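Some notes on the structure that comes next.
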Amino acid sequence: MSIRVRELRKTYRMGAERVHALAGLDLTIEKGEFVAIMGSSGSGKSTLMNILGCLDKPTSGTYYLNDRPTHEMGAIELARVRNEEIGFVFQSFELLPRASAVKQVQLPLLYSRKRWLGTRRQARQTLERVGLGDRMSHKPNQLSGGQRQRVAIARALVNKPSIVLADEPTGNLDSVTSASILELFSELHEEGQTILMVTHEEDVAGTAERIVRLKDGRMFSDFPTTMDPIHRAYLGHEALSAAARAGVGATSGTGGPQPMEVE
Amino acid sequence: MTFLIRLITQTVFSAIGQMMANKARAALTTLGIIIGVWAITAVIAAVTSLNTFVLKGFEEFGANRIELWGTIPPSQRRSRDDWQRVRLKVEDAEAIRKHAKSIEMVALTSNLRARIRAGEIEKAGVRVTCMEPQFLEIDRRVIKSGRPLAESDSTDELPVCLINDKAIDELRLNDGGVGEFLTINDRRFLIVGVIETKAMGPMFGGDDAQSEIMVPFAQVPKLQGRFYWIQAALRMKSGLDENDVKAEIRFILRKHRMLRPEEEDTFEMFVFESILRQMRGMATGMTMAAAVLVGISLLVGGVGIMNIMLVSVSERTREIGLRKAVGANPLVVLLQFLIEAVILCLMGGLLGLILGQLSVLGMQAGGRGNEALKALATAEIPPSAIVLSFGFSAAVGVIFGMWPAIKAARLDPIEALRHE
Chain Y
1 MSIRVRELRK TYRMGAERVH ALAGLDLTIE KGEFVAIMGS SGSGKSTLMN ILGCLDKPTS
61 GTYYLNDRPT HEMGAIELAR VRNEEIGFVF QSFELLPRAS AVKQVQLPLL YSRKRWLGTR
121 RQARQTLERV GLGDRMSHKP NQLSGGQRQR VAIARALVNK PSIVLADEPT GNLDSVTSAS
181 ILELFSELHE EGQTILMVTH EEDVAGTAER IVRLKDGRMF SDFPTTMDPI HRAYLGHEAL
241 SAAARAGVGA TSGTGGPQPM EVE
Chain D
1 MTFLIRLITQ TVFSAIGQMM ANKARAALTT LGIIIGVWAI TAVIAAVTSL NTFVLKGFEE
61 FGANRIELWG TIPPSQRRSR DDWQRVRLKV EDAEAIRKHA KSIEMVALTS NLRARIRAGE
121 IEKAGVRVTC MEPQFLEIDR RVIKSGRPLA ESDSTDELPV CLINDKAIDE LRLNDGGVGE
181 FLTINDRRFL IVGVIETKAM GPMFGGDDAQ SEIMVPFAQV PKLQGRFYWI QAALRMKSGL
241 DENDVKAEIR FILRKHRMLR PEEEDTFEMF VFESILRQMR GMATGMTMAA AVLVGISLLV
301 GGVGIMNIML VSVSERTREI GLRKAVGANP LVVLLQFLIE AVILCLMGGL LGLILGQLSV
361 LGMQAGGRGN EALKALATAE IPPSAIVLSF GFSAAVGVIF GMWPAIKAAR LDPIEALRHE
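For the record, the sequence lines run as chains Y and D.
By this note's numbering, the letter at position 145 of the first sequence is numbered 145, and the numbering carries on one by one without gaps.
By this note's numbering, the letter at position 15 of the second sequence is numbered 15, and the numbering carries on one by one without gaps.
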């Protein structure tokens, strides 16, 4: 068992008001799953990601990560869990501006107590895994958006975490690059990596094998991707409009409605 | 432990990288530290040099030494004969020997410049000292060969003398001096001993050693004319307050000279220890004043460091957030920023030290080229000052880097990653 969350609540105080970002959430994610978490803004998905990533602690409820009660841990212990068990991938990459790709990937190893030697080799291997074998010494400003995100993914993977948490990993990328990053995630999933990805795009969520939807800090739905009604509707709509486009294209040659042309 | 060492070395490198990326900023930030260390090393070097210059002078002259001579109160000065009246006498010395418990040794001396001849060589204006035997010890003279002068040389009025190396060279006494004869103002003297040539301390006319000849005190009437002068060199017991010693001598001499209470002293004394103490006090005062100035400049420097570290923390908020996300715990972040501050300060200290060393080289050059600055010729930064200035720099880094580092350590990673 990888992640087990029970009755998770997170309450913020905003002036006199109390905002319930999470209002009693139950969630279980097994090892090796690839889960997309969706929801509109304010649904609590960011709060959930922060708690799952051990960056934040719940107001109440329990969160067991690999059977360890993270809700009972202090700041130093949580930092260690983040270092050893969790790999973060951010929407805006969050690379150090002046460091080379290898240095970026080495960063988590610097704070690790597990490995003393060979951190550079390990970083290189991980960079090769994400397809950046020829970009080791490049700095962020010498890399394209997709390459930067690959460096960030290598950094998330380098310490062999039990889960990778990706927060809108394709949010700052064009569709072609997004597709290649998502393909990388799929490959990692095939290799057995547990991945949690927050997104608000249906086609991105389609890469995952399971979609969890949140609403108002509670679970709204939890289905395998192929059975998720909203996703199916989306796919259906996509297919329909694709067909429509194809239909328009097919008829346009034989004298359908033509675009107006000014003579 | 290994973890800590690796973390520190990595942090040191990244801190140096940070500085290299912002060279001008780092240099301006550490200006206060640079100037502080520059000032303290230069001042310590100068004071140390002055101190050794002065101390060396006194050591050459002899510690615990008192000079005593007769004098006429200014209101009564009329003729040269009056001076002969107050001149020190053998009886004065005897009175002190007999009664002054604070005095170890007394020796009367009388100096003249004489014409010396040895064989064909003649030299005029050579310094001749008529002295009682203990003067050699009070003046810390070293006998190189032969014998010192003895009490019996005086009582028997033997025409014997001591001569120093320099005079042997100048008079070309090739057989080593002892057993040879020379004439002092045409009187024949036998050389019975050779003394080491003693340079006067740098404070008392410089290092140029002079030819010197010493004869028993009993030769004074024969060598001196009607007008001559006698002074006494005394050595007091160490560890006594010089004012008590002066009071005792004054009491004994006034009594011996039968001065009435309303009469002024007909003698004067000079105690070297008191001057030495004043000099030491002056040096301490200078160092203290410098320390205050340096303290202020280090304080200003420290505030500069604090300011730039605060800027750095807020500039790098996202980076701190990221580092925390990938597993840096608050202590590690604290350590990282603290090390950066310390490195910044140590770099400033190093630059200051380099400037200080350049100033010292300037002082040395000035001291060699200019008689008035002679005291600075031996200026150099003592190792303790180097350790001290690096210690201070590091301390400033820790003290003034603490607040920014705590601020960085306390950043909430979620907020930090959201920071624009």
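Heads up, the beta-carbon is just placed ideally off N, CA and C, and yes, glycines get one too.
Everything numeric in this text was worked out from a predicted model, so none of it was measured.
Taking Cβ to Cβ, would you say residue i is nearer than 8 Å to residue j?
| i | j | result |
| --- | --- | --- |
| residue 81(Y) | residue 122(Y) | no |
| residue 112(D) | residue 231(D) | no |
| residue 393(D) | residue 322(D) | no |
| residue 156(Y) | residue 87(Y) | yes |
| residue 376(D) | residue 46(D) | yes |
| residue 160(D) | residue 181(D) | no |
| residue 116(D) | residue 195(D) | no |
| residue 194(Y) | residue 32(Y) | yes |
| residue 341(D) | residue 281(D) | no |
| residue 38(D) | residue 366(D) | no |
| residue 236(D) | residue 64(D) | yes |
| residue 95(Y) | residue 152(Y) | yes |
| residue 17(D) | residue 111(Y) | no |
| residue 140(Y) | residue 148(Y) | yes |
| residue 398(D) | residue 379(D) | no |
Ends of the alpha helix (DSSP H) at residue i?
| i | result |
| --- | --- |
| residue 160(Y) | Residue 160(Y) -> no alpha helix (DSSP H), and no H or E assigned at all. |
| residue 215(D) | No alpha helix (DSSP H) holds residue 215(D); the beta strand (DSSP E) holding it covers 212-216. |
| residue 334(D) | 330-369 |
| residue 152(D) | 151-155 |
| residue 415(D) | 413-418 |
| residue 242(D) | 242-256 |
| residue 220(D) | 220-223 |
| residue 137(D) | 135-138 |
| residue 77(Y) | 75-85 |
Roughly how many angstroms separate the alpha carbons of residue i and residue j, rounded to a whole number?
| i | j | result |
| --- | --- | --- |
| residue 146(Y) | residue 97(Y) | 16 Å |
| residue 343(D) | residue 312(D) | 14 Å |
| residue 38(Y) | residue 395(D) | 52 Å |
| residue 168(Y) | residue 49(Y) | 11 Å |
| residue 416(D) | residue 309(D) | 16 Å |
| residue 17(Y) | residue 11(Y) | 10 Å |
| residue 419(D) | residue 290(D) | 45 Å |
| residue 191(D) | residue 242(D) | 38 Å |
| residue 8(Y) | residue 63(Y) | 8 Å |
| residue 120(Y) | residue 109(Y) | 9 Å |
| residue 204(Y) | residue 160(Y) | 24 Å |
| residue 202(D) | residue 50(D) | For residue 202(D), the pLDDT reaches just 49, beneath the cut-off of 50, and the residue's location in the model is therefore unreliable, although a value from the coordinates is still provided. The straight-line gap from Cα to Cα measures roughly 11 Å. |
| residue 88(D) | residue 297(D) | 56 Å |
| residue 126(Y) | residue 389(D) | 46 Å |
| residue 181(Y) | residue 100(Y) | 20 Å |
| residue 198(Y) | residue 138(Y) | 28 Å |
| residue 243(Y) | residue 236(Y) | 10 Å |
| residue 381(D) | residue 43(D) | 9 Å |
| residue 462(D) | residue 272(D) | With chain D covering only 1 through 420, there is no way to say anything about residue 462(D). |
| residue 124(D) | residue 228(D) | 18 Å |
| residue 293(D) | residue 35(D) | 10 Å |
| residue 183(Y) | residue 23(D) | 43 Å |
| residue 186(Y) | residue 106(Y) | 24 Å |
Spatial neighbours of residue i within its chain, please: C-beta separation below 6 Å, excluding the five flanking residues on both sides.
| i | result |
| --- | --- |
| residue 492(D) | This structure does not reach residue 492(D), given that chain D is present from 1 up to 420, and the question cannot be answered. |
| residue 234(Y) | 202 |
| residue 215(D) | 130, 161 |
| residue 412(D) | none |
| residue 408(D) | 313, 320, 333, 337 |
| residue 440(D) | No answer is possible for residue 440(D): the residues shown for chain D start at 1 and end at 420. |
| residue 171(D) | 118, 121 |
Where do the N-terminal and C-terminal ends of the beta strand (DSSP E) with residue i fall, by residue?
| i | result |
| --- | --- |
| residue 404(D) | Segment 383-410 is the alpha helix (DSSP H) holding residue 404(D); no beta strand (DSSP E) there. |
| residue 222(Y) | 218-224 |
| residue 164(D) | 160-164 |
| residue 26(Y) | 17-29 |
| residue 49(Y) | No beta strand (DSSP E) holds residue 49(Y); the alpha helix (DSSP H) holding it covers 45-52. |
| residue 105(Y) | Looking at the DSSP string, residue 105(Y) is not in any beta strand (DSSP E); the run it does join, the alpha helix (DSSP H), is 101-110. |
What residues in its chain sit with their C-beta under 8 Å from that of residue i, if we drop five residues either side in the sequence?
| i | result |
| --- | --- |
| residue 31(D) | 301, 304, 348 |
| residue 214(Y) | 25, 37, 38, 39, 43, 44, 45, 48, 220 |
| residue 225(Y) | 36, 205, 206, 208, 209, 210, 211, 231 |
Got a sec: is the Cβ-Cβ distance from residue i to anything in chain B below 8 Å?
| i | result |
| --- | --- |
| residue 112(Y) | Chain labels in this structure do not include chain B; the protein chains are Y and D. |
Enumerate, from N- to C-terminal direction, the unbroken alpha helix (DSSP H) stretches of 4 or more residues contained entirely within the region 9-42 of chain D.
23-29
Of all the beta strand (DSSP E) runs that stay within the bounds of the region 68-119 of chain D, which reach a length of 3 or more residues?
103-118
Quick one: complete beta strand (DSSP E) runs, 3+ long, within the region 297-322 of chain D?
none
Going along the chain, which unbroken runs of the beta strand (DSSP E) with 3 or more residues stay wholly within the region 128-216 of chain Y?
163-167, 194-198, 210-215
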